[in-house]
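Here is the structure we will look at.
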Amino acid sequence: MSAKGYAIHDTTKWNDFKLISYDLKTAGDYDIDIAITHCGICGSDLHTIKAEWGKPDLPVIVGHEIVGTVSAVGPKVTEFKIGDRAGVVRHLASSFASPPRIALTHASEENCKNDNENYCHDLIDTYNDRYPNGDKTTGGFATAVRVHERFVFPIPDQLPSEIAAPMLCAGLTTYSPLVRNGCGPGKKVGVIGIGGLGHFAIMWAKALGAEVYALTRSTDKDDDIKKLGGDYILHTGEADFADPYRGELDIIISTANVSAGFPLKKVLTLLAVGGHLVCVGLPEEPLPEIAAFDLVNGCAIAGSYLGNKREAISMLELASKQDLRSWIEVLPMSKATEAVEKVDKGDVRYRIVLQNDIDSSE
Numbered sequence: 001m002s003a004k005g006y007a008i009h010d011t012t013k014w015n016d017f018k019l020i021s022y023d024l025k026t027a028g029d030y031d032i033d034i035a036i037t038h039c040g041i042c043g044s045d046l047h048t049i050k051a052e053w054g055k056p057d058l059p060v061i062v063g064h065e066i067v068g069t070v071s072a073v074g075p076k077v078t079e080f081k082i083g084d085r086a087g088v089v090r091h092l093a094s095s096f097a098s099p100p101r102i103a104l105t106h107a108s109e110e111n112c113k114n115d116n117e118n119y120c121h122d123l124i125d126t127y128n129d130r131y132p133n134g135d136k137t138t139g140g141f142a143t144a145v146r147v148h149e150r151f152v153f154p155i156p157d158q159l160p161s162e163i164a165a166p167m168l169c170a171g172l173t174t175y176s177p178l179v180r181n182g183c184g185p186g187k188k189v190g191v192i193g194i195g196g197l198g199h200f201a202i203m204w205a206k207a208l209g210a211e212v213y214a215l216t217r218s219t220d221k222d223d224d225i226k227k228l229g230g231d232y233i234l235h236t237g238e239a240d241f242a243d244p245y246r247g248e249l250d251i252i253i254s255t256a257n258v259s260a261g262f263p264l265k266k267v268l269t270l271l272a273v274g275g276h277l278v279c280v281g282l283p284e285e286p287l288p289e290i291a292a293f294d295l296v297n298g299c300a301i302a303g304s305y306l307g308n309k310r311e312a313i314s315m316l317e318l319a320s321k322q323d324l325r326s327w328i329e330v331l332p333m334s335k336a337t338e339a340v341e342k343v344d345k346g347d348v349r350y351r352i353v354l355q356n357d358i359d360s361s362e
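Counting from 1, one number per residue, gives the positions in the sequence shown under the UniProt record's numbering.
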């Protein structure tokens, strides 16, 4: 099957998208073809096209917050039928769903079997990756994508496609650590960084029944925080921001880069006994230095990576039932250049979604 998409051919011209035609991977028994209608833009898309995480496999078609309509299913697919709306996140397959490319440990195999497929050691990325047979993966700035059933999620009828798209990465990245760390009624949850990920974290925590504390360096987002459901606002630019809330928070989700300049020692004082600071941002720099004494209240610093299929379905159902909406700006896919430039400048509140306007008949 052939498709068309907007590709980058030169990382020194990271915003110069060119429309190309290409063939999708060889179809498998469990594969689903999705005609893409919408694709959100993630910060990792920019890291890739700017070669900030290493030189990509050029030409590269990015985009992994994908929503569209199922156009074909393999003979062993049981969860979807043609015409269903479906979403795709950052991965197309794993060692559980295709022949492994590396020697896998028992632990990795167990991850794939026990609802931790997002922690598989041999995940195949939606773009800038290769299948075991050498077929190249391509992302959502395109007309179509072919994905293993395990990594396709149903979109609830009440949830518009453009609203659902950014939930599949930014939303899931914040939802998973919240539910895995017991977010719910009676819990106090901090959210650091009010942007593409942070605005979801506030919404999810509030919808799950927690009391929400938003930590931000700026003051121009206070109104947004209140609209999203934040109960308290801590301005981290103030020297004593943590003092009134020492030992109060059960969970803190940091969507900001926990690196040089981040007030890590002060943030840790906010945690209750046994509380968790979960970092979902991926900075290139190391964590700020702390001492063992900073952890003596039994608190922990943890990481988290996306979420599993069960969590994704639960998240989308929560958004549908409680009428939760991503804060987005929609642009036609033909304006991908303008879109990535806006994301690069931070000129968006809080995600951009591309709507497919590629004429596949040309």
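C-beta atoms are modelled at their ideal positions from N, C-alpha and C, and glycine is treated no differently. Computed from a predicted structure; not experimentally measured.
Spatial distance of residue i from residue j (CA atoms)
i, j, result
"N114", "N308", "10 Å"
"T176", "T138", "At residue 176 the sequence reads Ser, which differs from the Thr that was named. Approximately 25 Å, taken between the alpha carbons."
"V189", "G298", "17 Å"
"C279", "T255", "6 Å"
"V88", "G230", "29 Å"
"A312", "Y6", "27 Å"
"S2", "A302", "42 Å"
"D250", "L282", "22 Å"
"K4", "Q355", "14 Å"
"L123", "S44", "16 Å"
"P185", "I233", "19 Å"
"G274", "R310", "26 Å"
"V70", "F80", "8 Å"
"H235", "F293", "25 Å"
"D84", "P166", "19 Å"
"K136", "I82", "24 Å"
"A51", "I8", "11 Å"
"D31", "L92", "9 Å"
"L215", "N133", "46 Å"
"T219", "V296", "32 Å"
"N116", "G196", "24 Å"
Span of the beta strand (DSSP E), counted from its first residue to its last, around residue i
i, result
"R310", "Not the beta strand (DSSP E): R310 falls in the alpha helix (DSSP H), residues 309–321."
"E329", "328–332"
"P154", "152–154"
"G5", "2–8"
"K136", "Per DSSP, K136 belongs to no beta strand (DSSP E) and is neither H nor E."
"E65", "65–73"
"G40", "31–40"
Contacting residues, own chain, Cβ-Cβ under 8 Å from residue i (five flanking each side not counted)
i, result
"G171", "F200, W204, M315, A319, S326"
"I290", "L264, K265, L268"
"E317", "P156"
Whole-Å CB distance - residue i paired with residue j, under 8 Å assumed
i, j, result
"I61", "Y131", "Between Y131 and I61 the Cβ distance is about 15 Å, and since that is not below 8 Å, they are no contact."
"A210", "C183", "5 Å"
"I253", "T174", "6 Å"
"I194", "K221", "5 Å"
"K25", "R146", "6 Å"
"H276", "N181", "5 Å"
"E329", "I358", "Wrong, their Cβ atoms sit about 19 Å apart, outside the cutoff."
"A86", "F153", "7 Å"
"A35", "G68", "5 Å"
Cβ-based neighbour list, residue i, same chain, cut-off 6 Å, excluding 5 preceding and 5 following
i, result
"A72", "D33"
"A260", "E285"
"D29", "G74, P75, K76"
"A242", "K266, T269, L270"
"P56", "T48, N128"
"Q158", "S320"
"W53", "H47"
Start-to-end residues for the alpha helix (DSSP H) that takes in residue i
i, result
"G87", "Taken as a continuous stretch (DSSP letters only), G87 belongs to no alpha helix (DSSP H), being part of the beta strand (DSSP E) at 85–88."
"S44", "43–49"
"T269", "264–269"
"E341", "336–345"
"L178", "170–180"
"I290", "Premise fails: I290 is in no alpha helix (DSSP H) and is neither H nor E."
"D357", "Premise fails: D357 is in no alpha helix (DSSP H) and is neither H nor E."
Residues of its chain near residue i, where Cβ-Cβ distance is below 7 Å and the 5 sequence neighbours each way are ignored
i, result
"Y119", "N111, Y305"
"E248", "K188, L270, A272"
### Message
Pairs of beta-carbons, one from the stretch 153–171 and one from the stretch 26–41, closer than 8 Å: are there three or more?
### Response
yes
### Message
For the structure I just gave you, are there three or more beta carbon pairs, one from the stretch 335–342 and one from the stretch 11–26, closer than 8 Å?
### Response
yes
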